[in-house]
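Here the structure comes first, spelled out in structure tokens, and everything after it is commentary.
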Amino acid sequence: MMVQPFGARLRAAMDERGPLCVGIDPHAALLRAWGLGDDVAGLESFTRTVVEALAGEVAVLKPQSAFFERFGSRGIAVLERAVAEARAAGALVVMDAKRGDIGSTMAGYAAAYVDKDSPLASDAVTVSPYLGYGSLRPVLDLAAEHGAGVFVLALTSNPEGKEVQRATAADGTSVASVMLRHIAAENANVPVLGSVGAVVGATLGEVGVDLDVHGPLLAPGIGAQGATPGDIPAVFGSAARNVVPSVSREILRHGPSREALRESARRYAEECRAAIG
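Residue numbers (my numbering): 232 to 508.
In structure tokens:
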């Protein structure tokens with residue numbers, strides 16, 4: 232049975248539920264703030280609470296793989312259950328893994344995150360292109376085969392990123408612009424919304440490059456990092472309609488109350504919808 236492409240599913244989810252992605256980031260300080268132990272039991276309680284509160288509400292949930300990996304195989308087991316349960320409740324899951332490698336290793340990462348038969352099968356995965364955009368071909372091809380999406384790091388919100396992303400390529404354009412051109416080419420002639428997107432920080436202000444890649448733009452940095460939904464039009468311009476604003480700590484700090492988590496997510500979803508228009 233053919234699976235509808237990720238881009239089309241994402242557009243429908245954002246139209247129905249609002250354009251919001253909520254990160255699942257169970258770092259040690261947040262577990263303690265919830266009154267939980269920094270252990271597998273705390274990880275499981277935290278993750279289950281977020282999924283139960285939000286998977287039926289928001290368009291996208293984005294677990295950060297590193298915070299699960301740090302607990303070894305038991306942490307990965309929690310992540311597997313969270314992905315399956317979130318998708319079953321109607322949320323799209325973007326695995327925030329930021330993988331980047333070459334050849335058979337990249338193919339292995341692709342099989343882990345976008346093969347529909349994998350225990351970690353997600354709707355999309357984040358990847359790093361800085362071994363060369365062509366190194367992403369295994370994940371791009373497998374994602375397309377399985378109707379999944381890929382978010383490519385382009386202009387990230389961390390200050391260190393600019394030494395690579397703003398560097399000048401051989402043709403005189405920035406490396407980030409080269410990556411954005413590649414992404415746009417992946418989405419050429421795709422109706423509705425392409426399934427290959429870019430990660431662009433909402434904290435960057437005027438970026439000076441064309442972000443209209445006919446694909447989704449995952450925008451971290453809203454909330455604790457200082458950006459607000461109102462910053463989206465200034466950063467993304469005409470591409471704002473395709474932005475997937477990502478908020479983590481500013482929503483997660485309202486836990487462990489499920490209702491408080493839902494209320495915070497609803498508020499951010501409405502603010503983002505209003506800002507994007």
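All C-beta atoms in this analysis are idealised placements derived from N, C-alpha and C, irrespective of residue type, glycine included.
Starting from residue i and walking both ways along the beta strand (DSSP E), at which residues does that stretch end?
{"i": "Val475", "result": "474-478"}
{"i": "Val314", "result": "Not the beta strand (DSSP E): Val314 falls in the alpha helix (DSSP H), residues 303-319."}
{"i": "Asp246", "result": "Not the beta strand (DSSP E): Asp246 falls in the alpha helix (DSSP H), residues 237-248."}
{"i": "Lys329", "result": "323-330"}
{"i": "Gly273", "result": "Segment 271-285 is the alpha helix (DSSP H) holding Gly273; no beta strand (DSSP E) there."}
{"i": "Ala429", "result": "427-431"}
Comparing alpha-carbon positions, which option in the options lies nearest residue i?
{"i": "Arg484", "options": "Val475, Leu323, Ala496", "result": "Ala496"}
{"i": "Ala342", "options": "Gly331, Gly457, Ala374", "result": "Ala374"}
{"i": "Asp256", "options": "Val406, Gly331, Met326", "result": "Met326"}
{"i": "Asp441", "options": "Ala471, Gly461, Phe382", "result": "Ala471"}
{"i": "Ala416", "options": "Tyr364, Leu492, Arg240", "result": "Tyr364"}
{"i": "Pro464", "options": "Ala286, Thr357, Pro476", "result": "Pro476"}
{"i": "Glu494", "options": "Arg504, Thr336, Ile482, Leu435", "result": "Ile482"}
{"i": "Leu384", "options": "Val395, Ala455, Glu376, Trp265", "result": "Val395"}
{"i": "Ala455", "options": "Gly468, Arg480, Phe467, Asp462", "result": "Arg480"}
{"i": "Gly452", "options": "Arg242, Cys252, Glu247, Leu241", "result": "Cys252"}
{"i": "Arg242", "options": "Glu502, Trp265, Gly425, Val381", "result": "Gly425"}
{"i": "Leu285", "options": "Gly306, Val314, Phe299", "result": "Val314"}
{"i": "Gly334", "options": "Lys293, Val309, Val370", "result": "Val370"}
{"i": "Gly380", "options": "Ala407, Val358, Val427", "result": "Val427"}
{"i": "Pro487", "options": "Gly254, Arg279, Gly238, Gly508", "result": "Arg279"}
{"i": "Ala450", "options": "Asp354, Ser359, Phe382", "result": "Phe382"}
{"i": "Gly436", "options": "Glu502, Glu247, Ala419, Val466", "result": "Val466"}
{"i": "Ile414", "options": "Lys393, Pro294, His445, Asp402", "result": "His445"}
{"i": "Val358", "options": "Asp246, Leu323, Met410", "result": "Met410"}
{"i": "Ala320", "options": "Arg248, Arg504, Asn420", "result": "Arg248"}
{"i": "Ile307", "options": "Ala400, Val271, Lys329", "result": "Val271"}
Per the DSSP calculation, residue i is bridged to which residue(s)?
{"i": "Cys252", "result": "Val291, Ser477"}
{"i": "Thr357", "result": "Phe382"}
{"i": "Gly468", "result": "The partner list for Gly468 (beta bridge, DSSP) is empty, contrary to what the question assumes."}
{"i": "Ser405", "result": "Thr399"}
{"i": "Ile453", "result": "Ala458, Val478"}
{"i": "Leu448", "result": "Ala429, Val474"}
In or out: residue i buried (at least 16 other Cβ within 10 Å) or exposed?
{"i": "Ser405", "result": "buried"}
{"i": "Leu362", "result": "exposed"}
{"i": "Ser304", "result": "exposed"}
{"i": "Pro422", "result": "exposed"}
{"i": "Gly331", "result": "buried"}
{"i": "Arg301", "result": "exposed"}
{"i": "Asn473", "result": "buried"}
{"i": "Ala352", "result": "buried"}
{"i": "Ser296", "result": "buried"}
{"i": "Glu376", "result": "exposed"}
{"i": "Ala398", "result": "exposed"}
{"i": "Ala244", "result": "buried"}
{"i": "Ala290", "result": "buried"}
{"i": "Ala506", "result": "buried"}
{"i": "Gly468", "result": "exposed"}
{"i": "Asp246", "result": "exposed"}
Within the continuous alpha helix (DSSP H) that includes residue i, where are the two ends?
{"i": "Gly339", "result": "334-345"}
{"i": "Val440", "result": "Val440 -> no alpha helix (DSSP H), and no H or E assigned at all."}
{"i": "Val370", "result": "368-377"}
{"i": "Glu300", "result": "296-300"}
{"i": "Ser495", "result": "489-507"}
{"i": "Arg263", "result": "259-264"}
Quick check: does the Cβ of residue i come within less than 6 Å of any heavy atom belonging to the ligand ATP?
{"i": "Ala415", "result": "You won't find the ligand ATP in this model; it holds no ligand whatsoever."}
With a cut-off of 7 Å, does the C-beta of residue i fall near any C-beta of chain C?
{"i": "Pro250", "result": "Within the model displayed, chain C is absent; a lone protein chain is all it includes."}
Three or more C-beta pairs under 8 Å: does that hold for the segment 384-395 against the segment 426-434?
Yes, the segment 384-395 is in contact with the segment 426-434.
Do the segment 232-243 and the segment 338-355 make contact, defined as three or more Cβ pairs closer than 8 Å?
yes
With a cut-off of 8 Å, do at least 3 Cβ pairs link the segment 260-277 to the segment 322-341?
no
Within 8 Å, do at least three Cβ pairs link the segment 265-279 to the segment 447-461?
no
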